[in-house]
């Protein structure tokens with residue numbers, strides 16, 4: 002982890018430059034002291050800025066506005082590493098809910114929007130800021146040039162999606178941060194005449210397709226008297242009240258306007274919609290009752306949320322979706338249980354309660370501002386739709402009867418041992434009925450259901466729904482979890498935070514899972530190479546390698562800030578013979594927020610090269626920072642430098658010549674409490690006096706330390 006942005010080893014690797022520096026930590030401490038040290042912060046170590054700030058309240062502002070939010074942001078400009086009063090931000094959205102509100106901003110680079118950048122600030126009823134979450138990028142370095150036109154980008158997008166005729170086709174130039182660098186890209190939006198809708202990200206120089214999102218996955222052209230559940234699990238109820246109709250003779254009311262593609266829409270002058278199931282208009286009445294039911298009796302009555310009426314269109318098909326671009330529900334009105342070419346088979350969605358509730362929930366959360374444009378946010382979107390539908394019905398099984406060839410489609414009371422973040426992209430469950438976004442979404446719905454089991458429906462539903470407002474946009478699982486925690490601080494003074502963190506950590510959403518598949522390779526006399534399997538968790542961005550010599554405690558020897566680098570060759574160990582002591586290695590995964598896994602299982606090899614009198618990180622209490630004299634000293638060609646670190650710290654260990662010119666950096670990053678040993682190899686340096694300089698800044702007790710020792714190279 003790099004500390005100073007001026008120390009650039011790989012100038013195009015933006016994440017190698019953007020780690021949190023001491024100035025930002027100082028600014029955070031100064032900011033927090035003004036509020037009594039009550040705020041909590043999660044850092045995004047890959048972007049070099051805060052990911053979320055929560056746990057306290059700001060001063061009271063005059064109103065919920067962009068100016069109030071910007072004023073609060075300017076208090077935090079040093080924390081963000083920003084020096085221009087956020088001149089690179091533009092206003093994005095303002096959302097209000099139950100007298101609270103969320104203000105969001107987008108970030109630009111030289112006037113060009115940065116993809117998925119966002120700063121969202123939540124105000125409570127008293128106009129105090131209680132939550133901030135951000136996808137904000139510091140010191141971007143562009144790694145390509147713009148060489149293809151918007152027209153060429155659209156042609157590439159048409160080719161890879163197979164869309165032949167479009168209703169809408171646009172291309173927007175953007176900056177796209179990646180793990181290695183930031184790129185000029187074209188964000189292409191395509192909408193076909195058959196409702197297919199895609200977003201494609203294309204490298205503006207190489208023409209490489211970086212990401213493709215189907216924004217209406219599983220969309221079919223589809224098509225409601227009243228089954229409480231469905232035709233098998235409930236009996237038809239007749240002559241029931243249909244509330245909140247608008248007295249026009251149509252199935253139109255406070256929450257929904259029902260339309261159909263199958264015939265002319267239902268019209269009853271006296272609003273008596275008592276159609277039998279074999280009537281073409283039955284599905285329209287069934288949909289009206291169920292949308293009105295969840296909108297009024299759940300979102301409005303329980304969660305104090307209401308929104309403008311939505312069009313629900315009964316389609317000639319079985320599936321369903323919410324179309325955010327035309328802002329309507331597509332609800333299948335015909336079953337496909339016999340056509341062998343239509344497998345998997347579905348029954349009629351417009352007659353299934355939780356299917357209607359699921360699609361309506363998509364409309365609720367996406368109108369609030371939740372997107373569907375990354376894998377993680379689309380999984381959250383599906384997870385919310387499953388959770389709120391199942392919480393309302395008080396039934397953890399989703400899609401019974403509707404799935405013709407299975408007992409149900411999904412469950413929310415699922416096992417954390419399978420449905421967890423470490424299994425991201427590798428989950429199998431009724432695969433014929435579920436895409437990857439639905440399967441990954443079961444991780445989120447499962448965690449939410451665990452909260453409901455632990456806290457009760459009233460508390461869980463309230464903080465989970467407020468969490469949607471707090472983290473609307475394109476935020477990942479952990480930031481969304483912090484949005485729920487911020488809601489708990491606001492509503493319940495943080496009394497459930499430990500439970501929330503425990504439940505989400507049980508799903509590997511908080512701390513990464515330990516790396517697996519460790520192996521060691523190399524021959525006698527070579528340095529050993531340790532390898533492991535790359536983590537599938539989307540927010541993992543690096544690893545830490547730990548070493549133990551001859552049964553001693555494990556100490557950190559190397560930090561990797563790339564998720565795809567999954568090996569390490571130890572230059573301070575040489576493979577020996579069976580009579581030599583063992584040197585063993587373990588690895589931790591770390592995510593971009595600074596969370597780390599437990600140590601992995603170990604791999605060992607006989608070592609013939611480490612000084613047998615040295616053990617790294619001996620088990621004893623370390624009370625102070627220290628920098629040892631080099632040993633040997635004088636030396637030729639190398640000397641060993643030992644340090645002790647009493648708390649988790651940002652450290653920098655450097656070597657300078659007698660003129661003050663830096664020769665090498667031995668360490669520059671965050672280390673845990675422990676003893677560490679470094680080798681200064683001067684093979685290519687002339688004889689003379691050199692100075693070893695150590696600076697440390699503690700992250701727990703805010704201690705600092707600085708010391709310089711002299712070493713002499715004699716050749």
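In the working numbering, the protein residues as written are 2 to 716.
Don't be surprised by glycine CBs; every beta carbon is placed ideally from N, CA and C.
Only a predicted model underlies this, so the values are computations on that prediction, with no experimental measurement involved.
- Rounded to whole angstroms, residue 347 and residue 142 show a C-alpha spacing of 49 Å.
- Under the three-state reduction of DSSP, residue 160 is assigned to helix.
- Membership of residue 200 in the beta strand (DSSP E) is indicated by the continuous run 198-204.
- Apart from sequence neighbours up to five positions away, the residues of its chain that approach residue 131 with a beta-carbon distance below 8 Å are 55, 57, 58, 59, 123, 124, 125, 487, 490, 491, ordered along the chain.
- Secondary structure of residue 264 (DSSP, three-state): coil.
- Residue 450 sits away from residue 380, with the two beta carbons spaced by 8 Å or more.
- Taking C-beta separations shorter than 8 Å and ignoring five residues to either side along the sequence, the partners of residue 304 in its chain run 462, 463, 466, following chain order.
- If you ignore the 5 residues before and after residue 79, its C-beta comes within less than 6 Å of the C-beta of 28, all in its own chain and listed in chain order.
- In the structure shown, residue 605 falls within a strand segment according to DSSP collapsed to helix, strand and coil.
- Considering only 649, 394, 93, 597, the residue with the shortest C-alpha distance to residue 357 is 394.
- Per DSSP, residue 458 lies in no beta strand (DSSP E) segment; the continuous alpha helix (DSSP H) that holds it begins and ends at 458-471.
- Residue 114 is bridged by DSSP to 109.
- Judged by DSSP in its simplified three-state form, residue 497 adopts coil rather than helix or strand.
- DSSP places residue 402 outside any beta strand (DSSP E), giving it a letter other than H or E.
- Leaving aside the five residues that flank residue 551 on each side, the residues in its chain whose CB is nearer than 6 Å to its CB run, in chain order, 582.
- Bridge partners of residue 412 according to DSSP: 398.
- Taking a C-beta distance under 8 Å as the contact criterion, residue 140 and residue 37 do not qualify as a contact pair.
- Under the three-state reduction of DSSP output, residue 27 falls in the helix class.
- Taking a contact as a CB-CB distance under 8 Å, the pair residue 106 and residue 120 counts as one, their CB atoms being some 5 Å apart.
- With the rule of 3 Cβ pairs closer than 8 Å, the segment 646-653 counts as touching the segment 665-677.
- For residue 373, the three-state secondary structure derived from DSSP is coil.
- DSSP, read as helix, strand or coil, puts residue 443 in helix.
- Counted as a single uninterrupted DSSP element, the alpha helix (DSSP H) harbouring residue 76 occupies residues 67-76.
- Rounded to the nearest angstrom, the gap between the Cα atoms of residue 64 and residue 128 is 6 Å.
- Collapsing the DSSP output to three states places residue 367 in a helix.
- Per the C-alpha coordinates, the member of 206, 42, 233 positioned closest to residue 408 is 233.
- Here residue 253 is bridged, per DSSP, to 258.
- Following the DSSP letters along the chain, one finds residue 177 inside the beta strand (DSSP E) bounded by residues 167-178.
- Bounds of the alpha helix (DSSP H) holding residue 294 are 283-295.
- With a threshold of 16 other beta carbon atoms within 10 Å, residue 378 meets it and is buried.
- With the rule of 3 Cβ pairs closer than 8 Å, the segment 180-190 counts as touching the segment 145-153.
- When beta bridges are read from the DSSP output, residue 682 appears opposite 639.
- Residue state for residue 350 is assigned as helix, using DSSP reduced to three classes.
- Around the Cβ of residue 75, a 10 Å sphere holds fewer than 16 other Cβ atoms; the residue is exposed.
- Going by C-alpha positions, residue 640 is about 26 Å away from residue 568.
- Per DSSP, reduced to three states, the secondary structure at residue 378 is helical.
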